[in-house]
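Quick note on UniProt numbering: the sequence shown kicks off at 1 and runs consecutively.
Ideal Cβ positions, reconstructed from N, Cα and C, are used throughout, including at glycine.
Below: one structure, written as structure tokens.
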Amino acid sequence: METRRAEQRVGVCNLCEATCGLLLTIEDGSVTGVRGNPDDPLSRGHVCPKGVAIGDVHADPDRLRRPVRRIGRGDDARWEEIGWDEALDLVADGLARAVNEHGEDALAIYLGNPNVHSLGSMTHGVALAQSFRTRNKFSATSVDQLPHQVLGYLLYGHQLLLPVPDIDRTSYFLVLGANPMASNGSLMTVPDFPGRLRELRARGGRMVVLDPRRTETAKVADEHHFVRPGTDAWVLLALLHVLFAEGLTRPPAYVDGLAGVEELVAGFPPELAEQASGVPAGEIRRIARDFAAADGAAAYGRIGVSTQEFGTLCQWAVQMINLVTGNLDREGGALLTNPAIDAVGRGLIGRGHHDRYRSRVRQVPEFGGELPVAVLREEIETPGEGQVRALLTVAGNPVLSTPDGASLDRAIQGLDFYAAIDIYLNETTRHADVVLPPTTLLERDHYDLVFHLLAVRNTARFTPAVFAKKRDQRHDWEIFRDLYLRVTRRRRRKPPLKRRIATEARMRMSPTFLIGMLLRSGRSQTTLTELRRHPEGVDLGPLRAGQLPGRLRTRSGRIDALPALVAQDVARLRQRALPRDGELLLIGRRHQRDCNSWMHNTDRLTRGRARHQLLMHPTDLASRGLSDGALVTVRSRVGEVRVEVAATEDVMPGVVSLPHGYGHGRTGARLAVAAGVAGVSINDLTDADRLDVSGNAALSGVPVTVT
Numbered sequence: 001m002e003t004r005r006a007e008q009r010v011g012v013c014n015l016c017e018a019t020c021g022l023l024l025t026i027e028d029g030s031v032t033g034v035r036g037n038p039d040d041p042l043s044r045g046h047v048c049p050k051g052v053a054i055g056d057v058h059a060d061p062d063r064l065r066r067p068v069r070r071i072g073r074g075d076d077a078r079w080e081e082i083g084w085d086e087a088l089d090l091v092a093d094g095l096a097r098a099v100n101e102h103g104e105d106a107l108a109i110y111l112g113n114p115n116v117h118s119l120g121s122m123t124h125g126v127a128l129a130q131s132f133r134t135r136n137k138f139s140a141t142s143v144d145q146l147p148h149q150v151l152g153y154l155l156y157g158h159q160l161l162l163p164v165p166d167i168d169r170t171s172y173f174l175v176l177g178a179n180p181m182a183s184n185g186s187l188m189t190v191p192d193f194p195g196r197l198r199e200l201r202a203r204g205g206r207m208v209v210l211d212p213r214r215t216e217t218a219k220v221a222d223e224h225h226f227v228r229p230g231t232d233a234w235v236l237l238a239l240l241h242v243l244f245a246e247g248l249t250r251p252p253a254y255v256d257g258l259a260g261v262e263e264l265v266a267g268f269p270p271e272l273a274e275q276a277s278g279v280p281a282g283e284i285r286r287i288a289r290d291f292a293a294a295d296g297a298a299a300y301g302r303i304g305v306s307t308q309e310f311g312t313l314c315q316w317a318v319q320m321i322n323l324v325t326g327n328l329d330r331e332g333g334a335l336l337t338n339p340a341i342d343a344v345g346r347g348l349i350g351r352g353h354h355d356r357y358r359s360r361v362r363q364v365p366e367f368g369g370e371l372p373v374a375v376l377r378e379e380i381e382t383p384g385e386g387q388v389r390a391l392l393t394v395a396g397n398p399v400l401s402t403p404d405g406a407s408l409d410r411a412i413q414g415l416d417f418y419a420a421i422d423i424y425l426n427e428t429t430r431h432a433d434v435v436l437p438p439t440t441l442l443e444r445d446h447y448d449l450v451f452h453l454l455a456v457r458n459t460a461r462f463t464p465a466v467f468a469k470k471r472d473q474r475h476d477w478e479i480f481r482d483l484y485l486r487v488t489r490r491r492r493r494k495p496p497l498k499r500r501i502a503t504e505a506r507m508r509m510s511p512t513f514l515i516g517m518l519l520r521s522g523r524s525q526t527t528l529t530e531l532r533r534h535p536e537g538v539d540l541g542p543l544r545a546g547q548l549p550g551r552l553r554t555r556s557g558r559i560d561a562l563p564a565l566v567a568q569d570v571a572r573l574r575q576r577a578l579p580r581d582g583e584l585l586l587i588g589r590r591h592q593r594d595c596n597s598w599m600h601n602t603d604r605l606t607r608g609r610a611r612h613q614l615l616m617h618p619t620d621l622a623s624r625g626l627s628d629g630a631l632v633t634v635r636s637r638v639g640e641v642r643v644e645v646a647a648t649e650d651v652m653p654g655v656v657s658l659p660h661g662y663g664h665g666r667t668g669a670r671l672a673v674a675a676g677v678a679g680v681s682i683n684d685l686t687d688a689d690r691l692d693v694s695g696n697a698a699l700s701g702v703p704v705t706v707t
């Protein structure tokens, strides 16, 4: 009887921002066991269900491993495997033809969320996108995090100079619209959040949560307060009102404009916030006082407050609460990281810029060289000079993840040419002429260039590929390199020779080689050789206080507390009517077993109780004559879906909730089949016309009816 050889390898789960270290059991070329690595200095042995399923992605029979070309259209379309040279030539021909015949802006590029989780995408994919001079560049940034980056640029001088809650030492953690028990943090890399919360409590600390849903995080909080979707700005401004009115501020000396902030928030007392949000005025005053009195406090707002019409205003107020109470750059407050490769300090990621140009149709400002993805559909459909005629998506599914996805779905079908770099045929890539599938996860080396910038502890970790790629596979960086070379040869208007030579030389270097160079020239004394000896990671210590104003990237070297963009948005808020009684507002939700719009075809993650339903408060059901479990129609201004409804007091009255990322095709269908309905996407209901001042999609607080 043949015995199976088992070995243990160190891996990493780069499916989400937590980037947990893993120990993998490998038998006969397959992953047969996954557990958290207790020696990892950041994740400390933590692993969530997605990490346990990482081997399923590697072995997934639905995953593409060789290029495919679409033959035919619509329901009659079929897919044919082709060779790499033929596939790359087809894509290069299609992209170059659009640019040569119709101009640079005829090509649109969309970068999905997984790009930031891939070293090759960070080192080579961004370079490929930048080599095209089109203004029509889009990414998942404007779906959920653009307000953070705009505020990083306006306040601190760089879009990724973002203070991180020092959760390992804070005594008061104020959480708005975030669910780290399910997400393990976002723009705050905090693996093992449950363990860190227990440690916070053990040292006498508290966590207070404001959210329209009793999330997994809210259920374990010391306090949870329901807040109406889209009204967080009133609550946050009221907190600042109390801090100034009661003399509870102690801002640092390197901040300008605080008198303007005090004058601005004077018109937002807690009583007004209560009318708008439902949070009692007395509770708002108590939270402000407790926060100011704490020995180290950190305010943190995420998806729920970013994806609404006043997301930038909300994130500004979160930053101001930390700043005016003296908790910015303070141990236990909000601190900057010191990564081994400082992508901000080294200029590897641009500072950002705002409103250098605007979208052709709606005149929406750009940020950092990207337009809001909410305008992509109209740029495809509206005739005229600069109309988008070709599309390249990289690891993205915008039909599911961006507002009014059904309309975008129809628009993409009208393109002259569409190519995708992706491992799946999904709701978006099924329209592609050619799909180029890269290696994935366990088949490539990994180093986090971004999430070390946002982690709650300073660490460094390089993880070699667990499996070698096969001869007929390509890494993503190799696809980006080969596309750059092919498209450049075909373009009539080529980049300047000096830039072309420099880009080509960089594109020929492997990501691992580039990481080694960056580590050798950094200040941390950490080298790639040392990280190879310690694949579990190297601990560089806790976050450090006292780095400001020295780390600021603003031209003045100081913080302007009241940027003009924020002041203008406060004026818009003053004109906004308060929510109407009886109105239903739609919010999304995240589950620990989901990874945005994918992983839904993984059996291990889709077992058990269905979780696709519309959540609705029992009183709202009763007032509409609906019953728990009924099949209902949810309508918004832009569309409608049919879905099973579930009664729960975990949402406040007037709020309904659908999960993000469940689609109409293969992705997500398994979760809904038991209910006898097709998978539904919340983004068939979200409205591309609802934008924050930053351009971020306002996906939360969408008015709907349920019948």
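Checklist entry - Counting along the chain, where does the alpha helix (DSSP H) carrying Ser657 start and finish? => result Within the sequence shown, residue 657 is the residue found at index 657, counting from 1. For Ser657, no alpha helix (DSSP H) segment is defined; the enclosing uninterrupted segment is the beta strand (DSSP E) at 655-657.
Next on the checklist: If I measure Cβ to Cβ from Ala571 and keep anything under 7 Å in the same chain, skipping five residues before and after, which residues do I get?
Outcome noted: Taking the first residue of the sequence shown as 1, we reach residue 571 at position 571. Here Ala571 has no same chain residue with a Cβ atom under 7 Å from its own Cβ, once five neighbours each way along the sequence are excluded.
Next on the checklist: Distance check for Trp234 and Leu272, CA to CA, integer angstroms please.
Outcome noted: Residue numbering aside, residue 272 sits at position 272 when the sequence shown is read from its first letter. Residue numbering aside, residue 234 sits at position 234 when the sequence shown is read from its first letter. Rounded to the nearest whole angstrom, the CA to CA distance from Leu272 to Trp234 is 7 Å.
Checklist entry - Pairing CB atoms from the segment 152-164 with CB atoms from the segment 540-554, are three or more of them under 8 Å? => result Contact holds: three or more Cβ-Cβ distances are below 8 Å.
Checklist entry - Can you give the beta carbon distance from Ala647 to Met599, rounded, assuming they're within the 8 Å contact cut? => result What you label residue 647 is simply residue 647 of the sequence shown in a count that begins at 1. What you label residue 599 is simply residue 599 of the sequence shown in a count that begins at 1. Not quite, the Cβ-Cβ distance comes to about 27 Å (not below 8 Å), so this is no contact.
Next on the checklist: I'd like to check one pair, Leu88 with Asp482: are the Cβ atoms closer than 8 Å?
Outcome noted: Working through the sequence shown from its first residue, we reach residue 482 at position 482. Working through the sequence shown from its first residue, we reach residue 88 at position 88. Yes; because the gap between Cβ atoms is below 8 Å, this pair is in contact.
Next on the checklist: For Cys595, which residues in the same chain have their Cβ closer than 6 Å to its Cβ, ignoring the five residues on either side in sequence?
Outcome noted: Translated into positions along the sequence shown, residue 595 becomes position 595. Excluding positions up to five away in sequence, the list reads Leu15, Lys50.
Checklist entry - How many angstroms separate the CA atom of Leu236 from the CA atom of Cys314? => result The count along the sequence shown starts at 1 and reaches residue 236 at position 236. The count along the sequence shown starts at 1 and reaches residue 314 at position 314. Their Cα atoms are separated by approximately 7 Å.
Checklist entry - Got a sec? Which residues, its chain only, sit under 6 Å from Gly120 by beta carbon, not counting five neighbours each side? => result The residue given as residue 120 occupies position 120 in the sequence shown. If we look at Gly120 and ignore the five residues flanking it on each side, its Cβ neighbours are His475, Asp476, Trp477, Pro511.
Checklist entry - Tell me, which residues are paired with Arg69 by DSSP? => result If you number the sequence shown from 1, residue 69 lands on position 69. In the DSSP secondary-structure assignment, Arg69 is bridged to Glu80, Val434.
Item to check | For Arg358, the first and last residue of its enclosing beta strand (DSSP E) | outcome: Numbered from 1 along the sequence shown, position 358 holds the residue referred to as residue 358. 354-358 is the extent of the beta strand (DSSP E) around Arg358.
Checklist entry - For the beta strand (DSSP E) that contains Cys20, what are its first and last residues? => result As a first step, residue 20 is located in the sequence shown; it is residue number 20 there, counting from the start. Cys20: member of the beta strand (DSSP E) spanning 20-27, first to last residue.
Next on the checklist: Check for me: the beta strand (DSSP E) holding Pro49 runs from which residue to which?
Outcome noted: Numbered from its first residue, the sequence shown carries residue 49 at position 49. Careful: Pro49 lies outside any beta strand (DSSP E), inside the alpha helix (DSSP H) at 49-52.
Checklist entry - On the three-pair Cβ rule with 8 Å, is the segment 219-235 touching the segment 305-312? => result Yes, the segment 219-235 touches the segment 305-312.
Next on the checklist: To the nearest angstrom, how far is the alpha carbon of Leu519 from that of Leu528?
Outcome noted: Along the sequence shown, one-based indexing puts residue 519 at 519. Along the sequence shown, one-based indexing puts residue 528 at 528. Cα-Cα distance, rounded: 7 Å.
Checklist entry - Among all the DSSP beta bridges, which residues are the ones paired with Gly301? => result For the purposes of this step, residue 301 is taken as the residue at position 301 of the sequence shown. Looking at the DSSP output, Gly301 bridges to Leu176.
Checklist entry - Using a Cβ-Cβ cut-off of 6 Å (strictly less than) and excluding sequence neighbours within five positions of Thr707, which residues of its own chain qualify? => result Numbered from 1 along the sequence shown, position 707 holds the residue referred to as residue 707. Thr633.
Item to check | Three or more C-beta pairs below 8 Å linking the segment 190-203 and the segment 34-53 | outcome: Result yes; three or more Cβ-Cβ pairs closer than 8 Å.
Checklist entry - Between Val364 and Val375, which are expected to be in contact by the criterion C-beta below 8 Å, what is the C-beta distance as a whole number of angstroms? => result Residue mapping note: residue 364 aligns to position 364 of the sequence shown, counting from 1. Residue mapping note: residue 375 aligns to position 375 of the sequence shown, counting from 1. Cβ-Cβ separation between Val364 and Val375: approximately 5 Å, consistent with a contact (criterion under 8 Å).
Checklist entry - Which ranges would you report for the alpha helix (DSSP H) in the segment 68-151 if only whole runs of at least 4 residues count? => result Within the segment 68-151, the complete alpha helix (DSSP H) segments of 4 residues or longer fall at 84-102, 126-131, 141-144, 146-151, listed in chain order.
Item to check | Within 8 Å, strictly: CB atoms of Val450 and Val68 | outcome: For the purposes of this step, residue 450 is identified with residue 450 of the sequence shown, where counting begins at 1. For the purposes of this step, residue 68 is identified with residue 68 of the sequence shown, where counting begins at 1. Taking 8 Å as the Cβ cut-off, Val450 and Val68 do not qualify as a contacting pair.
Item to check | Buried versus exposed call for Gly537 [16 or more other C-beta atoms within 10 Å across all chains shown] | outcome: For the purposes of this step, residue 537 is taken as residue 537 along the sequence shown, with counting starting at 1. So Gly537 counts as buried.
Item to check | Under 8 Å between C-beta atoms of Ala630 and Leu42 | outcome: Taking the first residue of the sequence shown as 1, we reach residue 630 at position 630. Taking the first residue of the sequence shown as 1, we reach residue 42 at position 42. A distance of 8 Å or more separates the beta carbons of Ala630 and Leu42.
Item to check | C-alpha distance - Ile167 paired with Leu335, whole-angstrom precision | outcome: On the sequence shown, position 167 is the one that residue 167 refers to. On the sequence shown, position 335 is the one that residue 335 refers to. Taking the straight line from one Cα to the other gives about 10 Å.
Item to check | Three-state class that DSSP yields for Thr249 in the structure shown | outcome: Sequence index remark: in the sequence shown, residue 249 carries index 249 (1-based). In this structure, Thr249 counts as coil in the three-state DSSP scheme.
Next on the checklist: Tell me the residue span of the beta strand (DSSP E) that contains residue 708.
Outcome noted: A query on residue 708 cannot be resolved here, the shown segment of the chain reaching from 1 to 707 and no further.
Checklist entry - Would a C-beta distance cut-off of 8 Å place Pro403 and Ala108 closer than the cut-off? => result Residue 403 sits at position 403 when you count from the first residue of the sequence shown. Residue 108 sits at position 108 when you count from the first residue of the sequence shown. No.
Checklist entry - Does DSSP classify Thr512 as helix, strand or coil? => result By 1-based counting over the sequence shown, the position of residue 512 is 512. Reduced to three states, the DSSP call for Thr512 is helix.
Item to check | Pair within 8 Å by beta-carbon distance, Leu540 and Ser524 | outcome: Working through the sequence shown from its first residue, we reach residue 540 at position 540. Working through the sequence shown from its first residue, we reach residue 524 at position 524. Contact: yes.
Checklist entry - Can you tell me where the beta strand (DSSP E) with Phe417 in it begins and where it stops? => result What you label residue 417 is simply residue 417 of the sequence shown in a count that begins at 1. Where Phe417 is concerned, the enclosing beta strand (DSSP E) stretches over 417-421.
Next on the checklist: Would the segment 18-28 count as touching the segment 51-61 if we require 3 or more Cβ pairs under 8 Å?
Outcome noted: The segment 18-28 vs the segment 51-61: in contact.
Item to check | Limits of the beta strand (DSSP E) - the one that Ala646 falls within | outcome: Taking the sequence shown and counting its residues from 1, the one referred to as residue 646 is at position 646. Counting along the chain, the unbroken beta strand (DSSP E) around Ala646 starts and ends at 640-647.
Checklist entry - Can you name, in chain order, every residue of its own chain whose Cβ lies under 7 Å from the Cβ of Gln613, other than the five neighbours on each side? => result Counting from one through the sequence shown, the residue named residue 613 turns up at place 613. Cβ within range, chain order: Val643, Glu644, Val645, Ala646.
Checklist entry - Of all the options Gly204, Thr393, Arg430, Thr686, which has the alpha carbon lying nearest to the alpha carbon of Ser139? => result To locate residue 139, count along the sequence shown from 1; it is residue 139. Taking only the C-alpha atoms, the option nearest Ser139 is Thr393.
Checklist entry - Relative to the alpha-carbon of Thr463, which residue among Ala6, Leu23, Arg5 has its alpha-carbon at the smallest distance? => result Mapped onto the sequence shown, residue 463 falls at position 463. Among Ala6, Leu23, Arg5, the Cα nearest to that of Thr463 belongs to Leu23.
Checklist entry - Which residues bound the alpha helix (DSSP H) around Arg533? => result Taking the sequence shown and counting its residues from 1, one reaches residue 533 at position 533. Here the alpha helix (DSSP H) through Arg533 covers 528-533.
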